[in-house]
Amino acid sequence: MNPFVRKVRTASGATAVQIVSKSGGVRRIVEHLGSAHDETEVAALLEVGRQRIAAWQGQGMLDLESLDPAPGRTGLVGATVVSKRSALLWEVLHGAYTCLDLGDATGGDRAFEQ
C-alpha cells in the first residue's frame with residue numbers, strides 16, 4: 484500500500500482531505516481527515532495527513548526547525564528566493580549533515596554527503 488493525501492471538492496463547496504491508497508487501479512479511502520473551508524485549513528489537514536502516513540511507514544519527521552543556525556548564520560525567516568541556484572539548499576543540507584555528525588556515521592565517505 485502506498486498511501487497518499489488527496490483533496491476533493493465536496494457538494495457543499497468545501498475541500499475534503501483524505502488519505503487514499505491505490506491498488507490495481509482502484510482507489511480506497513483509508514481515512515477522511517476532515518473538510519476545510521479555506522486554504523489555511525486545507526494546509527493544516529494536508530500536514531496532518533503527511534504526518535500520519537510517515538508514522539504508518541515508520542518514518543520520523545526530520546525536525547530541522549529545532550536545530551541552531553550554523554555560526555554566522557541567522558534563521559531563514561524572511562528569506563527571499565532571488566535565483567534558481569541551489570546554493571541555499573546545499574548549505575541547509577550540508578549544515579544538517581554536519582550537525583547530525585553523519586560524516587562520522589558513514590566513516591567519512593564523502594559520497595554520502597554528495
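FYI, the numbering for the sequence shown is 484 to 597, going by this note's numbering.
Glycine included, each C-beta is placed from N, C-alpha and C at the ideal position.
For residue i, the residue or residues it bridges with in DSSP
| i | result |
| --- | --- |
| A519 | T498 |
| I512 | V503 |
| R492 | T498 |
Range of the contiguous alpha helix (DSSP H) that encloses residue i
| i | result |
| --- | --- |
| L571 | A570 to C582 |
| D442 | Absent from the model: residue 442. The displayed extent of the chain is 484 to 597, so no value can be given. |
Rounded Cβ spacing between residue i and residue j (contact assumed at less than 8 Å)
| i | j | result |
| --- | --- | --- |
| P486 | V503 | 7 Å |
C-beta atoms of residue i and residue j nearer than 8 Å
| i | j | result |
| --- | --- | --- |
| G532 | V575 | no |
| L585 | F595 | yes |
| V513 | K490 | no |
| T498 | A527 | no |
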